[in-house]
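So for the sequence shown, our numbering puts the first residue at 8; every next one is plus one.
All C-beta atoms, glycine included, are put in the ideal place defined by N, C-alpha and C.
Just so we're clear, the structure is a prediction, and the values are computed from it rather than from any experiment.
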Amino acid sequence: MFAVTVVLAVSLSMSEAQDTLRLLNARNLSIEENAAVRGDLVASASLATKTLAGLAPRMAKAQQVLDDSTGRVLAERSRSALELVVDNLKAASASTRLQIAATLSTAALSPAAHATATQIRDTTAALETSVDDLNLIVTLQRELVISEDAVAADVALWDDQQRREAEASAQAEAAAAEESRQAAEVAAAVTAPPAKSTGSGASSALVAPTAPIAATPPVHMENVWATGFQTEIDACRGSVDLSSAYGVAVIGEHWTCGGSAFPRAEGSIVQLTGVRSGTYRTGPVVAVLNKATDGAEDLPRGYDLMYQTCIDDSNAQMSFTALTRIG
């Protein structure tokens, strides 16, 4: 609503200034006519002054948007654009005030002071410049709205990224805690002494010697932090569920982001946490594909799950290890 009011005010001010300028260019003026023209100039300048007064709170709001968005955008481009619009508004406002001051200075002369037509023309020219500045101000106000919306959108993106990073951090902490808990359970099971049989009196049965407990294979903890494809893999935060992209159950990660540490020995135990959880036993490498020549249709089928990583980060050595679910 404010922008519409400013447009109307500027249109009226420009119309009056242009009518006055046409009158002055048509002929020389008498003192009485000069007095009438000066009255028109005062009215036009007053209207321009009111327009500037209404602009102040609008500029204050834009400055508040800039202050609130400091350090809360992924890139400074939108904030820089808004700062430029605010600076241009300040410059246009300052120029308008100078022209209004010049207009009112001559318009204040009394008829007896013999203000000349030349003086009135110069003053009207000053007013016309201020009207041009006001038109620029109206345009800049439209740009101000667009720039503020762009900054608000960038702040929303920044807030969303902070939320996702906090969630990922919380998942990683939970996965680490779960890994520690399960490792402790495995260690306790391996080191626990065998239970002793008890009996009473002479009739107690002899206790057969307890067979040695087979060593439990170490458990590899693997957090599947997200579902997605290349963008999520490149984030290097853990394994990614690639099943939707491949059309077959696959998780994977870059070699340097954890792939090199994934168990290669068959029979290893892998505990998955995150968006795909469960306990699996590793099988053989069932495929090594080349990204340049192979596609999803070349992936083997019939496995509970496969783990993918590019050996030595080479797209020509996309390794797929079979995983069998055991829990």
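Could you check how far apart the C-beta atoms of residue i and residue j are, in whole angstroms? I think they sit under 8 Å.
i: CYS317; j: HIS227; result: Not really, about 19 Å apart at Cβ, beyond 8 Å.
i: VAL255; j: ALA233; result: Contact doesn't hold; Cβ gap of about 18 Å is too wide.
i: VAL158; j: ARG86; result: 6 Å
i: SER250; j: VAL257; result: 6 Å
i: GLN278; j: GLN178; result: Contact flag wrong, Cβ pair sits at about 15 Å.
i: THR263; j: ALA182; result: Rounded, the Cβ-Cβ distance is 19 Å, inconsistent with contact.
Of all the options the options, which has the alpha carbon lying nearest to the alpha carbon of residue i?
i: GLY274; options: THR300, ARG332, VAL193; result: ARG332
i: ASN230; options: VAL162, GLY265, ALA69; result: GLY265
i: GLU83; options: ARG188, MET66, ASP161; result: ASP161
i: ALA69; options: GLU150, GLU180, ALA181; result: GLU150
i: SER284; options: LEU330, ASP241, ILE240; result: LEU330
i: GLY334; options: THR136, TYR287, VAL293; result: TYR287
i: VAL92; options: LYS57, VAL145, ILE107, GLN106; result: VAL145
i: ASP156; options: GLU172, LEU73, ASN297; result: LEU73
i: ALA195; options: GLU172, ASN142, GLU180, PRO225; result: PRO225
i: SER176; options: ASN142, GLN237, ALA242; result: ALA242
Strictly under 8 Å for the Cβ-Cβ distance: is residue i near chain B by that measure?
i: GLN324; result: Protein chain content of the structure displayed is limited to a single chain, and chain B is not contained in it.
Can you tell me the Cα-Cα spacing of residue i and residue j, whole angstroms?
i: SER53; j: GLU174; result: 57 Å
i: ASN322; j: LEU306; result: 15 Å
i: TYR314; j: THR328; result: 5 Å
i: VAL152; j: ARG244; result: 38 Å
i: ALA272; j: ASP320; result: 20 Å
i: SER76; j: GLU186; result: 39 Å
i: ARG79; j: ILE276; result: 43 Å
i: VAL138; j: ARG170; result: 48 Å
i: VAL193; j: LEU164; result: 43 Å
i: GLU5; j: GLY61; result: In the structure displayed, the chain extends from 8 to 334; residue 5 sits before or after that span and is not available.
i: ASP301; j: GLN324; result: 11 Å
i: LEU312; j: GLN168; result: 30 Å
i: ALA67; j: GLY235; result: 43 Å
i: ASP94; j: GLN71; result: 14 Å
i: GLN237; j: ASN297; result: 16 Å
i: PRO270; j: THR289; result: 8 Å
i: VAL49; j: LEU143; result: 21 Å
i: GLU172; j: ARG65; result: 35 Å
i: ALA184; j: ALA191; result: 11 Å
i: SER102; j: GLU180; result: 59 Å
i: ASP166; j: THR136; result: 44 Å
i: ARG308; j: GLY259; result: 16 Å
i: LEU28; j: LYS57; result: Its pLDDT being 49, under 50, LEU28 is placed unreliably in this model, and the value from its coordinates should be taken loosely. Looking at the two C-alpha atoms, the distance is approximately 22 Å.
Is residue i near residue j, with beta carbons less than 8 Å apart?
i: SER154; j: LEU89; result: yes
i: ASP140; j: ALA99; result: yes
i: TYR253; j: ALA299; result: no
i: LEU147; j: LEU96; result: yes
i: ALA55; j: ILE107; result: yes
i: VAL295; j: SER326; result: yes
i: TYR310; j: VAL292; result: no
According to DSSP, residue i sits in a beta bridge with which residue or residues?
i: PHE327; result: ALA294, GLN315
i: ILE276; result: VAL226, ARG288
i: ILE258; result: ASP248, TYR314
i: THR234; result: ASP248
i: GLY61; result: DSSP output for GLY61 lists no bridge partner at all.
i: ARG332; result: TYR287
i: GLY281; result: VAL231
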